[in-house]
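Undergrad: Heads up: the sequence shown at position 249 corresponds to 249 in the UniProt record's numbering, and the numbers run straight through without jumps. All residues carry an ideal CB built from backbone N, CA and C; glycine is no exception. Dropping a structure here in structure tokens format, bear with me for questions.
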Amino acid sequence: MKNILIAGYPYIRENYLNTFNFYPEKEKIFFLLPKVWKIKNGQVVYNAPKRANIFTANAYFYHSNYPLIGGLLKGWMPGFFTFLVRNKKPKNIDLIVTLTEPILLSTLYQSIISKLFGAKHLLFTWENISYDAKFSGLNFFLKNIIIKLNLFFSDGIICGNKKAVEIFKKYTAKPIANIPFSGIDTDLFKPTQNEKIFRELNFNGKTLFTFVGALEFRKGIHHIIEAFNIVIKEIPEAHLLVAGSGHQEYSQHIRGLIKNYNLESSTTIIPWLSHDELKEVFAITDVFVYPSMSHKGWEEQLGYLLMEASAAGKAIISTNSGSVDEVIIDARTGLLVKPDEYMELSQAMIRLARDRDLRITLGRNARQHILENFDYKIVANKMYDFFKKFV
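In structure tokens form, the structure reads like this:
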């Protein structure tokens, strides 16, 4: 197998990059990553990991809300071209994988250049809502052209979820694989009693409900607060932990709800967590709550936090929205409720708070589901098998 170059911002996060530690021929995998990447409105900044197989370039356009262009140039690395021209290592790049969406001009830039250099090219997408349902008129027409051009200059596509596969089957007869771009570290995230980092928060004797993620409307945290206001009346020893960073106005709205419902003494909010800290939070959590919802043409595209909580053996409540049901199997590995239904959410929270045996069973099944489908080694081998079709 010849060398493979993977380009784009997602693997700047080491927890995603580590999937390729388990790739069968990892010496043939190379990465071109942004030197720096910002998320959560710049509140979280990542620097490219330093490894022998990682090269860096400047990247631009960190989000999708720029005037006029929106997200069309998200993750654009102009240095992609000069890297291929000047770099003497790696030699013999036969396959290039672009990790930005096929709806972007930044992806098209890499697609065309890959072909100019005689390399085969693969696209990646998470998109689980059909484009004609998200866009209309001239906007849809232009984006549809970009998608078709990207597919024309590419040799196949990797879809991060099953719904994306069905969408792109309508666009192309080229090879399609259903593989998320990263697996889960099931050695880091596993059932444990280690609580050293967050012991000082003193949740002993509490039934702890936890949300971790971006503090954004689409994650449904306001529904958790509304549901918890009902739960606390039935389960006085309950406590809610919210961990994350995000939109400032929405964060203030959440704090306002907590104050209005007089939940300050039973709710704790902490900032965005590192992976080591996240492991510790899972250790003290009884129920992980993640009521993701549709918002402005977006639905949960898989849910890595859901997978990590599952690997940690946690009982989970989420919503039957987007691609969540690929990670959480209702009544077997967790409980799924309707989006936007805080009453149904509160009933599920009360049910799990009162039924420790059910929590244990759901958590055990959840971890097994991740081990069988989303472990690092599972995903790395799926990548290897798909890449072999092209090199």
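1. What residue does the alpha helix (DSSP H) around V97 start on, and which one ends it?
2. Here's a check: name, in chain order, each residue in its chain whose Cβ is nearer than 8 angstroms to the Cβ of I254, leaving out the five neighbours to either side.
3. Check whether the segment 120-133 and the segment 155-169 touch, using three or more Cβ-Cβ pairs below 8 angstroms as the test.
4. When burial is assigned at 16 or more other CB atoms within 10 Å of the CB, is D375 buried or exposed?
5. To the nearest angstrom, how far is it from the Cα of F288 to the Cα of T192?
6. Would you tell me roughly how many angstroms separate the C-alpha atoms of A312 and P10, rounded to the nearest one?
7. Given a cut-off of 7 angstroms, decide if I176 and V165 are closer than it, judged by their beta-carbon atoms.
8. Nearest-angstrom Cα distance between S346 and Y16?
9. Cα-Cα, which of T82, K190, Y250 is closest to H369?
10. Rounding to the nearest angstrom, what Cα-Cα distance links Y62 and I39 in this structure?
11. Cutting at 7 angstroms between CB atoms, please list the residues of its own chain near S111, excluding the five before and the five after it.
12. Less than 7 angstroms between the beta carbons of L208 and D276, yes or no?
13. Residues in the same chain with beta-carbon distance under 6 angstroms from I232, minus the five sequence neighbours each way, listed in chain order, please.
14. Between the alpha carbons of T333 and K296, how many angstroms are there, rounded?
15. Is the beta carbon of K120 within less than 6 angstroms of some heavy atom of the ligand MN?
16. Pick from N161, F30, L73, I184: whose alpha carbon is nearest that of I51?
17. Should F117 be labelled buried (16 or more other beta-carbon atoms within 10 Å of its own) or exposed?
18. Rounded to whole angstroms, what is the Cα-Cα separation between L362 and R351?
19. Have a look at the DSSP bridge pairing and note the partners of T19.
20. What do you reckon, are the CB atoms on L32 and F83 nearer than 7 angstroms?
21. Please give me, in chain order, every unbroken run of the beta strand (DSSP E) with length at least 3 that falls completely inside the segment 227-313.
22. For the beta strand (DSSP E) that contains Y46, what are its first and last residues?
23. Run through the DSSP bridge pairs and tell me what I54 is partnered with.
24. When the Cα atoms are used, what is the spatial distance from F387 to I4?
25. Check this for me: beta carbons of Y290 and S323, under 7 angstroms apart or not?
26. Note down, in chain order, each residue of its chain lying with its Cβ closer than 7 angstroms to the Cβ of residue 395, except the 5 sequence neighbours on either side.
27. Looking at C-alpha atoms only, which residue of T186, I113, L95, L68 is the closest neighbour of M77?
28. Can you tell me whether DSSP reads K74 as helix, strand or coil?
29. What number of angstroms, rounded off, separates the C-alpha of D340 from the C-alpha of K219?
30. In whole angstroms, give me the CA-to-CA distance for G303 and P236.
31. For the alpha helix (DSSP H) containing V165, list its first residue and its last residue.
32. Where DSSP assigns a beta bridge to H121, which residues make up the other side?
33. Can you find a C-beta in chain C that's less than 7 angstroms from the C-beta of Y376?
34. Can you give the Cα-Cα distance for D385 and K91, rounded to whole angstroms?
35. Excluding the 5 residues preceding and the 5 following S64 in the sequence, name in chain order all residues of the same chain whose CB lies nearer than 8 angstroms to its CB.
TA: Let me lay it out:
1. Counting along the chain, V97 falls outside any alpha helix (DSSP H), though it belongs to the beta strand (DSSP E) covering 93-98.
2. L215, I221, H222, I225, V242, I269
3. yes
4. buried
5. 15 angstroms
6. 23 angstroms
7. yes
8. 33 angstroms
9. K190
10. 7 angstroms
11. T98, H121, N150, F153, S154
12. no
13. A238, S266
14. 29 angstroms
15. Summarising the ligand content, the structure contains no ligands, and the ligand MN is consequently not present.
16. Rather than Ile, the amino acid found at residue 51 in this sequence is Arg. The shortest C-alpha separation from R51 is found at F30.
17. exposed
18. 13 angstroms
19. Answer by DSSP bridge pairing: none, since T19 is not bridged.
20. yes
21. 238-243, 267-270, 287-290
22. 44-47
23. F31
24. 9 angstroms
25. no
26. Residue 395 falls outside the range modelled here, since the chain spans only 1 to 391, and no answer is possible.
27. I113
28. coil
29. 10 angstroms
30. 30 angstroms
31. 162-169
32. I96
33. The chain inventory of the structure shown lacks chain C, comprising one protein chain alone.
34. 22 angstroms
35. G70, G71, K74
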